[in-house]
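Visitor: Just so it is clear: in the sequence shown, position 175 is 175 by the working numbering, and no numbers are missing.
The structure that follows is given in the form of structure tokens.
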Amino acid sequence: MTGADPRAGREPDAATPQQRIGLRLAYDGTAYSGWQSQPHARTVQGMVAAAIATIDPAADALRGSSRTDAGVHALDQVAAFTSRRIMDPAVWQRAINANLPKDIVVLKAWEAAASFDPVEAAIRKRYRYRLYDNPVRPVFGRMQVWRQPSPLDVAAMRQAAGALVGEHDFTSFETASSQRRTKVRTIYDLTVERADATEHPGAEIHVEVEGNGFLYNMVRIIVGSLAMIGAGRRPVEWMTEALAARHRPAAGPTAPAHGLILLSIHLDDASVE
Numbered sequence: 001m002t003g004a005d006p007r008a009g010r011e012p013d014a015a016t017p018q019q020r021i022g023l024r025l026a027y028d029g030t031a032y033s034g035w036q037s038q039p040h041a042r043t044v045q046g047m048v049a050a051a052i053a054t055i056d057p058a059a060d061a062l063r064g065s066s067r068t069d070a071g072v073h074a075l076d077q078v079a080a081f082t083s084r085r086i087m088d089p090a091v092w093q094r095a096i097n098a099n100l101p102k103d104i105v106v107l108k109a110w111e112a113a114a115s116f117d118p119v120e121a122a123i124r125k126r127y128r129y130r131l132y133d134n135p136v137r138p139v140f141g142r143m144q145v146w147r148q149p150s151p152l153d154v155a156a157m158r159q160a161a162g163a164l165v166g167e168h169d170f171t172s173f174e175t176a177s178s179q180r181r182t183k184v185r186t187i188y189d190l191t192v193e194r195a196d197a198t199e200h201p202g203a204e205i206h207v208e209v210e211g212n213g214f215l216y217n218m219v220r221i222i223v224g225s226l227a228m229i230g231a232g233r234r235p236v237e238w239m240t241e242a243l244a245a246r247h248r249p250a251a252g253p254t255a256p257a258h259g260l261i262l263l264s265i266h267l268d269d270a271s272v273e
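Encoded structure:
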């Protein structure tokens with residue numbers, strides 16, 4: 001291949017060192033049962049691992065930074081695998097993409113340190129949730145928004161969101177069946193802004209949350225709670241009360257998965273190279 005690294009395509013032998021490859025991926029999660037591989041289910045991790053296996057059947061297990069749920073989308077998932085087939089990262093990117101369906105793409109590939117773990121390296125994650133409150137239903141992008149029956153009060157939602165910024169015990173905002181050892185997480189930023197939609201300007205509300213980690217369904221429960229406040233079903237002060245209760249029933253419903261996007265993952269630079 002013209003311009004390719006001379007190592008590209010070289011078959012491994014006993015002397016060939018292992019190569020750790022980091023990936024940044026984007027995907028539309030509509031057709032998948034989440035990121036995590038599951039028996040008898042179509043998952044994003046499963047599809048990417050299968051694409052890698054067409055290039056190196058002996059590559060080790062693909063590991064991702066975030067276990068997005070069924071129907072959740074991503075603009076910046078981070079993953080990594082190890083191979084004994086040594087290729088330039090750009091060649092890996094092209095080869096994997098050639099074997100992926102159109103709703104998954106590798107945005108970037110790089111050669112990472114042998115010890116690189118995308119779970120441990122992720123020090124911040126940012127999610128966006130898209131709500132749609134125009135009286136006219138959307139046609140384009142309808143599978144990426146949660147439609148509301150009436151207009152939401154963005155100012156009230158924004159005021160309530162402020163109660164969640166900082167380090168807190170988020171037990172009220174986690175699916176009750178979770179066995180996480182600690183429920184304490186830090187939210188660095190939580191914004192609520194009205195945004196332009198493709199068909200109806202100003203018809204979308206974007207809730208963006210950035211933190212050092214999230215409990216199971218935490219972002220979706222935060223959004224479900226904010227939607228209740230925006231609809232006037234709960235006062236602004238209720239958010240503080242729900243947080244303090246440390247009891248799942250104290251907070252609002254879990255918003256549907258299809259409105260959630262993993263927007264970005266910030267890695268600890270020291271662990272990447």
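Backbone N, C-alpha and C define an ideal beta-carbon position, used for all residues, glycine too.
Using the Cβ count rule (16 or more neighbours within 10 Å means buried), how would you classify Ser115?
Guide: Walking along the sequence shown from the start, residue 115 turns up at place 115. It counts as exposed.
Visitor: I need the boundaries of the alpha helix (DSSP H) containing Thr54, first residue and last residue.
Guide: Counted from its first residue, the sequence shown places residue 54 at position 54. Segment Val44 to Ile55, the alpha helix (DSSP H) holding Thr54.
Visitor: Please classify Gln38 as buried or exposed, where buried requires at least 16 neighbouring CB atoms within 10 angstroms.
Guide: What you label residue 38 is simply residue 38 of the sequence shown in a count that begins at 1. The residue is exposed, with fewer than 16 neighbouring Cβ atoms inside 10 Å.
Visitor: Quick check on Gly166: does DSSP put it in helix, strand or coil?
Guide: In the sequence shown, the residue the question calls residue 166 occupies position 166. Three-state DSSP puts Gly166 in a strand.
Visitor: Quick one: using the 10 Å Cβ neighbour count with 16 as the cut-off for buried, is His247 buried or exposed?
Guide: Within the sequence shown, residue 247 is the residue found at index 247, counting from 1. Exposed is the call here.
Visitor: Tell me the DSSP bridge mates of Thr186?
Guide: Position 186 of the sequence shown, counted from the start, is the residue given in the question as residue 186. In DSSP, Thr186 forms a bridge with Glu167.
Visitor: Measure the Cβ-Cβ separation of Leu164 and Leu190 and say whether it is below 8 angstroms.
Guide: Reading the sequence shown from its first residue, position 164 is the one you call residue 164. Reading the sequence shown from its first residue, position 190 is the one you call residue 190. Against a cut-off of 8 angstroms, the Cβ pair of Leu190 and Leu164 comes out as a contact.
Visitor: State the DSSP-derived secondary structure class of Gln36, mapped to helix, strand or coil.
Guide: The count along the sequence shown starts at 1 and reaches residue 36 at position 36. In the structure shown, Gln36 sits in coil (DSSP, three-state: anything other than H, G, I, E or B).
Visitor: Of the choices Glu120, Val219 and Tyr27, whose alpha-carbon is the least far from that of Pro256?
Guide: For the purposes of this step, residue 256 is taken as the residue at position 256 of the sequence shown. It is Val219.
Visitor: Do Ile265 and Asp76 have their beta-carbon atoms positioned less than 8 angstroms apart in this structure?
Guide: For the purposes of this step, residue 76 is taken as the residue at position 76 of the sequence shown. For the purposes of this step, residue 265 is taken as the residue at position 265 of the sequence shown. In contact: Asp76 and Ile265 (Cβ atoms closer than 8 angstroms).
Visitor: Between the stretch 17–29 and the stretch 64–78, are three or more C-beta pairs nearer than 8 angstroms?
Guide: The stretch 17–29, when compared against the stretch 64–78, does touch it at the 8 angstroms Cβ threshold.
Visitor: Considering Leu75, what are the terminal residues of the beta strand (DSSP E) in which it resides?
Guide: Residue numbering aside, residue 75 sits at position 75 when the sequence shown is read from its first letter. Looking at the DSSP string, the run of the beta strand (DSSP E) that includes Leu75 is His73 to Ser83.
Visitor: For Gly166, count neighbouring Cβ atoms within 10 angstroms of its own Cβ and tell me buried if that reaches 16, exposed if not.
Guide: In the sequence shown, residue 166 corresponds to position 166, counting from 1. Its Cβ having fewer than 16 others within 10 Å, Gly166 is exposed.
Visitor: Can you confirm whether the stretch 117–128 touches the stretch 194–213 when touching is taken to mean that 3 or more C-beta pairs between the two stretches lie within less than 8 angstroms?
Guide: A contact exists between the stretch 194–213 and the stretch 117–128.
Visitor: Suppose only complete runs of 3+ residues qualify. What are the beta strand (DSSP E) ranges in the stretch 77–151, listed by chain order?
Guide: Counting only runs of 3 or more, we get 104–112 and 122–132.
Visitor: Give the straight-line distance between the Cα atoms of Pro6 and Leu243, rounded to the nearest whole angstrom.
Guide: Along the sequence shown, read from residue 1 onward, the residue named residue 6 stands at position 6. Along the sequence shown, read from residue 1 onward, the residue named residue 243 stands at position 243. Its pLDDT being 37, under 50, Pro6 is placed unreliably by the model, and the measurement read from it follows with that caveat. Between Pro6 and Leu243, the C-alpha separation is close to 57 angstroms.
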